[in-house]
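Per this note's numbering, residue 169 is the first one in the sequence shown, and the count goes up by one each step.
A quick write-up on the structure given underneath.
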Amino acid sequence: MINKPMPRRDDTLPHQQVSVEVVVPVYNEQDALPKSIPALCAYLETYFPYRWSVVIADNASTDATLAVAEGLAYAYPGVSVLHLEEKGRGRALKAAWSASKADVVAYMDVDLSTNLWSFLPLVAPLATGHSDVAIGSRLLRGAAVTRQWKREVISHCYNLLIKAMFGNGFSDAQCGFKAIKRSVAQELLPQIEDGEWFFDTELLLLTEERGYRISEVPVDWIEDLDTRVDITSTALKDVKGLLRVRKQRLRRWLSGHGTRDAARRGRPLREDRAGAGASYGELAKGSRGER
C-alpha cells in the first residue's frame, strides 16, 4: 500500500495559529456562572492546545447575571461579555458568532452538562480541516447520559421525527455542545430564521443541505435538574420549526426544478422571479450558485 500525501486544505492552519472562541449563552444564571467559567478557563488553560477566548452572552437577564459576568471578565483576561436586550439562545449565538474573529466558534451550556473532556475532540476536526461543523451527541454509541426518562423519550422521538422528515445524517440535534468554522458560520447564519431553541436544528439541516461535513462526538452528559427550559412548549415550537423548514426546502426544490425546466425549454423565467425577459443563462452569468 502506497501512502500518498494528502493535499492541505486552503483554510487549514498550523495548530499554533488556530483560534477558538467559546460562547456561553446565559439567562438568569448568577449562581452558575461563578462555578462554570473558572472551571472552563482552567480546562482551556491547562489542556487546550489552540488559542482560545470565552464570551459570556447574556440574554436579557433580570437578575445579577450581567454584573457577575462582568466581574468574571475582569478577573479572567480571556473572558468577555456580550449583552443582548432580547432572550433566545439562537439569537445570542448568532450575535456572538457573527462578531467573532476566531477561526472556530463554539458554544456550550453554562451548567457544563457535557463533560469538558469532550471539547478538544469536538474542535479538533474543524481545526485540522477534516470537518466544517462538529456536534456533541448523547445518542451515539459510547455516550454516557444521565437524565430523566421523560426528557430521554422526548429527545429520541424528536430526533426520529427529524430523520423521518429529512433523512438527515446527524444523530442529536439539540445537545448544547457544538462548534463551527467561522467561515461556514458567516455563510449560514444569515439564512437561519429561528432565534431560540430550534436554532440548533435549523443550523444542522442547513449545513447538510449546503453539503458541509458534520462531525459527531459521543459525550458524557448529565442533566441539569435546575433547567429553565419548558420542555413541552419548546417541543411544540421545534415541531413547528421542522414544518417550516420542510416547506421552505420543498419550495426551493420545486423552484430549482422549474428553473432547470425553463432553461431546457429556452423560455424566459417568470417576471416575479427574475424580471421579464431574463433568461436562465443570462442570470447564471451574473449570479453565484449555491454550494
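By construction, the Cβ of each residue, glycine as well, lies at the ideal position given by its N, Cα and C atoms.
No experiment lies behind these values; they were computed from the predicted model shown.
Exercise for the section: Select from Thr214, Pro217, Ala347, Ala403 the residue whose C-alpha is nearest the C-alpha of Ala264. Expected result: Among Thr214, Pro217, Ala347, Ala403, the Cα nearest to that of Ala264 is on Ala347.
Practice task
Please determine, among Arg257, Pro206, Leu372, the residue with the shortest C-alpha to C-alpha distance to Tyr242.
Solution key: A check of alpha carbon separations from Tyr242 across Arg257, Pro206, Leu372 identifies Pro206 as the nearest.
Handout entry: Euclidean distance between Cα positions of Glu364 and Lys255
Key = Rounded to whole angstroms, the gap between the alpha carbons of Glu364 and Lys255 is 8 Å.
Handout entry: Residue ranges of each alpha helix (DSSP H) within the region 205 to 257, 4 or longer
Key = The alpha helix (DSSP H) runs lying completely inside the region 205 to 257 and spanning 4 residues or more are 233 to 243, given in chain order.
Problem - Length of the line joining the Cα atoms of Lys331 and Gly337 - result: If I take the Cα positions, the gap works out to 8 Å.
Handout entry: For Leu371 and Asp362, the rounded distance between their alpha carbons
Key = Rounded to the nearest whole angstrom, the CA to CA distance from Asp362 to Leu371 is 9 Å.
Practice task
Could you tell me how far apart the beta carbons of Glu384 and Ser305 are, in whole angstroms, since I believe they sit closer than 8 Å?
Solution key: About 5 Å separates the CB atoms of Glu384 and Ser305; that is less than 8 Å, so the two are in contact.
Exercise for the section: Count the CB pairs spanning the region 183 to 195 and the region 273 to 281 that are closer than 8 Å, and state whether there are at least three. Expected result: Under the Cβ criterion (8 Å, minimum of three pairs), the region 183 to 195 counts as touching the region 273 to 281.
Handout entry: Trp421 versus Asp398: straight-line alpha-carbon distance, rounded
Key = Their backbone Cα atoms lie some 34 Å apart in a straight line.
Problem - Own chain residues within Cβ distance below 7 Å of Gln198, not counting five before or after - result: In chain order, Asp231, Ala232, Thr233, Val236 place their CB closer than 7 Å to the CB of Gln198, counting only its own chain and leaving out the 5 sequence neighbours on each side.
Practice task
Please list, in chain order, all residues of the same chain as Ile390 whose beta carbon is under 7 Å from its beta carbon, the five residues on each side excluded.
Solution key: Cβ contact annotation for Ile390 (same chain, cutoff 7 Å, sequence separation greater than five): Ser281, Thr314, in chain order.
Problem - Unbroken alpha helix (DSSP H) run spanning Val321, endpoints - result: Note, Val321: alpha helix (DSSP H), 317 to 334.
Handout entry: Start-to-end residues for the beta strand (DSSP E) that takes in Ser383
Key = For Ser383, the enclosing beta strand (DSSP E) begins and ends at 382 to 386.
Handout entry: Beta-carbon spacing of Ser339, Leu294 below 8 Å
Key = The answer is no: Cβ separation not under 8 Å.
Practice task
Would you please state the rounded distance, in angstroms, between the beta carbons of Val407 and Val291? I believe it to be under 8 Å.
Solution key: Between Val407 and Val291 a beta carbon distance of about 31 Å is seen, past the 8 Å cut, so the two are scored as non-contacting.
Problem - Beta-carbon spacing of Ala302, Val387 below 8 Å - result: Cβ distance not < 8 Å, so Ala302 and Val387 don't count as in contact.
Practice task
Check whether the Cβ atoms of Leu357 and Ser423 sit closer than 8 Å, and answer yes or no.
Solution key: Against a cut-off of 8 Å, the Cβ pair of Ser423 and Leu357 comes out as no contact.
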